[in-house]
Amino acid sequence: MKIENGLGSKIRRRRQELQLSQEELAAQIGLSVSLLRDIEHGRGNPTIKTLSKIFSGLGMEFESLFSNVQPILVSENPEEIVRNIAIQLKAMLALPKEDQELASQIFQQLSIILQEQAE
């Protein structure tokens, strides 16, 4: 899966604003240079943890990508959970294109976690 290039561009622009090389940022946050390069060029499928490290290293708030999204309400009722998730997904469609892709990746990661827990 290819991440939306807008996110990679945003990361690259911020790194350059801070006058950091890819090598410097990668060393600072504990990632390989090749992984950081791939993410900046919109290649690969970074985990939420990886993106969080990058955002933290760049002084960017990871959570700000979802500032327009309301939190999912916790419920014991499966129907209510599904309804809340549907509301969340609709809210994410209102995000800018590059943030929609990241939101999609987050839901994919959550799906994997839920599948692992079900096993």
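Residue numbers (the working numbering): 1031 to 1149.
Don't be surprised by glycine CBs; every beta carbon is placed ideally from N, CA and C.
N- and C-terminal bounds of the alpha helix (DSSP H) containing residue i
{"i": "residue 1073", "result": "Unbroken run through residue 1073: none, as it is neither H nor E."}
{"i": "residue 1053", "result": "1052-1059"}
{"i": "residue 1121", "result": "1108-1123"}
Nonlocal neighbours in the same chain, by C-beta distance under 7 Å from residue i, ignoring five residues either side
{"i": "residue 1048", "result": "1088"}
Alpha-carbon to alpha-carbon, residue j and residue i
{"i": "residue 1085", "j": "residue 1135", "result": "16 Å"}
Beta-carbon proximity check, residue i vs residue j, cutoff 7 Å
{"i": "residue 1037", "j": "residue 1132", "result": "yes"}
{"i": "residue 1052", "j": "residue 1073", "result": "no"}
{"i": "residue 1139", "j": "residue 1078", "result": "yes"}
{"i": "residue 1044", "j": "residue 1055", "result": "no"}
{"i": "residue 1040", "j": "residue 1059", "result": "no"}
Three-state secondary structure (DSSP) of residue i
{"i": "residue 1047", "result": "helix"}
{"i": "residue 1082", "result": "helix"}
{"i": "residue 1062", "result": "coil"}
Residue i at chain B interface by Cβ criterion, 7 Å
{"i": "residue 1065", "result": "The displayed structure is made up of one protein chain only, and chain B is not part of it."}
Residues of its chain near residue i, where Cβ-Cβ distance is below 8 Å and the 5 sequence neighbours each way are ignored
{"i": "residue 1123", "result": "1130"}
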